Amino acid sequence: MTVSFEPLRRIIDGLVHSSVADEPLLAARHRAFIAAHLAVGLGVLMLFPIWLALAGRPSFASAVAFGWLAAPLPIAGFLSRTGRYGEAHLLSAVALAGLVVWAGMLTGGLGSPALVLLAIVPAEAALSGSRRITLASIAISVCALAGLALVALAGLLPAPMAGPVSFAPILVAAAILYGAGLALRIELVQRVAEGAARDGEARYRILADNTAELITRHNGSGAVEFASPAARAMLGCSPAELIGHGLFDRVHVADRPNYLHALSEVDRTGEPRQVEFRLRRTAGDDAAGFVWAEMRCRPALDAAQGTRSVVAVLRDVTASRSQRDAFAEAQSSADQANQSKVQFLAHMSHELRTPLNAIIGFSEILQRELFGKFEMARHRDYIRLIHSTGEHLLQVVNSVLDMSKIEAGKFDVVAAPFPVVPVIDGALDMMAQQIAGRGIKLVRRIDRDLPEIVADRRACRQILLNLLSNAAKFTEAGGTVTVSATLEQGELVIEVRDTGIGIAANDLPRIGTPFVQADACAERRGEGTGLGVSVVKGLVALQGGTFALESETGRGTRAIVRLPIRPARHAAAPFIRPAGTVFEERERRRA
1 MTVSFEPLRR IIDGLVHSSV ADEPLLAARH RAFIAAHLAV GLGVLMLFPI
51 WLALAGRPSF ASAVAFGWLA APLPIAGFLS RTGRYGEAHL LSAVALAGLV
101 VWAGMLTGGL GSPALVLLAI VPAEAALSGS RRITLASIAI SVCALAGLAL
151 VALAGLLPAP MAGPVSFAPI LVAAAILYGA GLALRIELVQ RVAEGAARDG
201 EARYRILADN TAELITRHNG SGAVEFASPA ARAMLGCSPA ELIGHGLFDR
251 VHVADRPNYL HALSEVDRTG EPRQVEFRLR RTAGDDAAGF VWAEMRCRPA
301 LDAAQGTRSV VAVLRDVTAS RSQRDAFAEA QSSADQANQS KVQFLAHMSH
351 ELRTPLNAII GFSEILQREL FGKFEMARHR DYIRLIHSTG EHLLQVVNSV
401 LDMSKIEAGK FDVVAAPFPV VPVIDGALDM MAQQIAGRGI KLVRRIDRDL
451 PEIVADRRAC RQILLNLLSN AAKFTEAGGT VTVSATLEQG ELVIEVRDTG
501 IGIAANDLPR IGTPFVQADA CAERRGEGTG LGVSVVKGLV ALQGGTFALE
551 SETGRGTRAI VRLPIRPARH AAAPFIRPAG TVFEERERRR A
């Protein structure tokens, strides 16, 4: 018949404190301590009736001795309830030393066989894994022996116990039992520790052998103590070649200060560090150039030896660094090209504006017939076409220049408090004749109690003019353009709604991109450049506002501009927004 100890094992496991449930080695120490102390305490309680039957009624001294022998029971309960392993060992050392002193006083003083048990006190404390507890237990044993000697020298020892059964054999048996339990505890803890070490080493070996990153461990001087097999794939050498200063010798001379500084800072501060440097790679016996490596290092504490080392993980970042350098170079080239574009447009706009202003000015003079009447009506039509075409070209030049300035971050927005209603009225009055000339009705719905707004007056006026111009261009005769301005939740909301040809749903996402127009009405495409909405979006964004466009083919378009009355970043005094970054970068940061 096979005897199963599984129920007993489950009972002992249930007494282990929950704080060490996830630590196999600590749980094994607790389990062994509790089991041994329960066995000794319960064994003493079971022997007590036998002692009574053989020796009769116990004396006070023997009763105290048996009480000392049963002390392991409450000590085991203390550890089970609190999980304080070190304090439990100290209590056990005090209880055992006290028992030895008491038994020694009753069985012959310094010649008592009970003193053998004093050797068990520091031996048991060594299982705690703490040097402090072990030294304290040695001190307790020495103090107990010294106390017994002082009592003996003072002649205060009581008379030896007398009775039908000698107490000395029981003490020897107890010592043997206690020593056997101690040996079993040592064997159990050692077996669990070796198993945990093997499992941990196997897990770490699997990780080190199968990871693509090179893992190294460095001592306090930076020398490599361990290198993973990934050294072959990354550097073309064996891990043994990196031990000692082998890794340092492969670091590019210019990068060695950064490499050593990162390791020393981790060892000094205990904080992780990250650094990039070049490592020489070899192919056979020949050098194969350098690879860029990213090293992330952090401190690692060896609990067994009490020493601290540095663990580093090195990853080959040559490809990503090449991409980063290529991107930086492309970005620099793009910035230079953008700067050249801005300069080109600025020069071109100046060169174009001069003749266009002359064309527009002289065509106006001819239209007024100040120097004589035209003989034919066709001549008047030609002059009118020349004037309107010149104005259109001038508007295109201005829009292109504004758009290029916005994209390059060169459009300075000067914000200051101003009444917004007169600005809106002025823009409407400026466009009223053009809108009426197309046979379109202009409806104004302006809240006359609007407060002052902190913004750029010129930019706000340009926003309105562009939106009104777009609405007039793409609205047929007989249509309506409605402009409203209200205050909603601390924001100025300007809405320009028309009943024109509208924009198809698939074209809406593209509206606002420079030189992109909708395809809703092919015959009207020539009237615009696709820059109006782009300029509006840029000017609104520069002032911290938002712009939205809603439209439906054949049912008109609704443009909504929201500007903060007084943005949080703006003070009451005028300010100039700094320039120098591209418009897309501003949009991304603001989002």
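Take 1 as the starting number for the sequence shown in the UniProt record's numbering and just add one per residue. No residue lacks a Cβ here, since even glycine has one placed at the ideal position from N, Cα and C. On a predicted model such as this, the values are computed, not experimentally measured, just so you know.
C-beta contact flag for residue i and residue j at 8 Å
i: Leu-428; j: Arg-448; result: no
i: Ile-503; j: Thr-557; result: yes
i: Ile-215; j: Val-100; result: no
i: Gly-220; j: Asp-267; result: yes
i: Leu-366; j: Val-397; result: no
i: Glu-364; j: His-379; result: no
i: Glu-294; j: Arg-315; result: yes
i: Ile-75; j: His-30; result: no
i: Thr-134; j: Ser-141; result: no
i: Gly-532; j: Ser-469; result: yes
i: Glu-491; j: Pro-422; result: no
i: Val-121; j: Ala-93; result: yes
i: Arg-298; j: Val-311; result: yes
i: Thr-475; j: Gly-437; result: no
i: Ala-35; j: Ala-27; result: no
i: Arg-296; j: Gln-274; result: yes
i: Leu-467; j: Val-536; result: yes
i: Leu-148; j: Leu-90; result: no
i: Phe-418; j: Glu-452; result: yes
i: Leu-508; j: Leu-542; result: no
i: Glu-495; j: Ile-560; result: yes
Distance between residue j and residue i (C-alpha atoms, nearest Å)
i: Phe-583; j: Gln-433; result: Note that Phe-583 scores a pLDDT of 35, beneath 50, so its modelled location is shaky and nothing firm can be said.
i: Asn-258; j: Phe-248; result: 11 Å
i: Arg-497; j: Gly-478; result: 15 Å
i: Val-16; j: Ala-126; result: 20 Å
i: Leu-450; j: Arg-562; result: 14 Å
i: Ala-240; j: Arg-131; result: 36 Å
i: Val-400; j: Val-251; result: 53 Å
i: Thr-581; j: Gly-222; result: Interpretation of Thr-581 is limited by its pLDDT of 34, a score under 50 that renders its predicted location unreliable; the figure taken from the coordinates is listed afterwards. Rounded to the nearest angstrom, the two C-alpha atoms are 44 Å apart.
i: Ala-152; j: Gly-108; result: 9 Å
i: Ala-459; j: Ala-416; result: 12 Å
i: Thr-553; j: Ser-534; result: 20 Å
i: Val-540; j: Val-224; result: 59 Å
i: Val-420; j: Ile-435; result: 22 Å
i: Gly-544; j: Leu-464; result: 16 Å
i: Ser-322; j: Met-234; result: 17 Å
i: Ile-186; j: Ala-32; result: 9 Å
i: Arg-384; j: Gly-361; result: 12 Å
i: Ala-254; j: Lys-341; result: 39 Å
i: Met-348; j: Pro-355; result: 12 Å
i: Leu-442; j: Ala-330; result: 49 Å
i: Ala-230; j: Leu-279; result: 14 Å
i: residue 592; j: Gly-41; result: For the chain, the structure presents residues 1 to 591; residue 592 sits outside this window and is missing.
i: Arg-524; j: Gln-339; result: Note that Arg-524 scores 46 on pLDDT, short of 50, meaning its location in the model is unreliable and no value can be drawn from it.
i: Val-481; j: Met-431; result: 11 Å
Collapsed DSSP secondary structure at residue i in the structure displayed
i: Ala-312; result: strand
i: Arg-384; result: helix
i: Met-376; result: coil
i: Ser-551; result: strand
i: Ile-503; result: coil
i: Arg-268; result: helix
i: Phe-515; result: A caution first: Phe-515 carries a pLDDT of 49, below 50, which makes its placement in the model unreliable, though a value can still be read off. In this structure, Phe-515 counts as coil in the three-state DSSP scheme.
i: Ile-565; result: coil
i: Arg-256; result: helix
i: Ala-522; result: Because Ala-522 carries a pLDDT of 43, less than 50, the predicted location of this residue cannot be relied on, and the following value inherits that uncertainty. Residue state, collapsed to three classes: helix.
i: His-245; result: coil
i: Glu-6; result: helix
i: Val-16; result: coil
i: residue 592; result: Residue coverage of the chain in this structure runs from 1 to 591, which leaves residue 592 outside it and unanswerable.
i: Arg-324; result: helix
i: Leu-148; result: helix
i: Arg-577; result: Bear in mind that the predicted position of Arg-577 carries a pLDDT of just 38, short of 50, making it unreliable; the figure below should be weighed with that in mind. Arg-577: coil per DSSP, three-state reduction.
i: Ala-76; result: helix
i: Val-397; result: helix
i: Ala-559; result: strand
Any C-beta of chain D under 8 Å from that of residue i
i: Phe-362; result: Although the question refers to chain D, the structure presented lacks it and comprises just one protein chain.
Query raised in the report: Okay, do the segment 79-87 and the segment 102-114 touch, 3+ Cβ pairs below 8 Å being the bar?
Result: The answer is no - the segment 102-114 does not touch the segment 79-87, with fewer than three Cβ pairs under 8 Å.
Report task. Please specify which runs of the alpha helix (DSSP H), each continuous and at least 4 residues long, are wholly inside the segment 406-490, giving them in chain order. Result -> With a minimum length of 4 residues, the continuous alpha helix (DSSP H) runs that stay inside the segment 406-490 are 420-437, 457-473.
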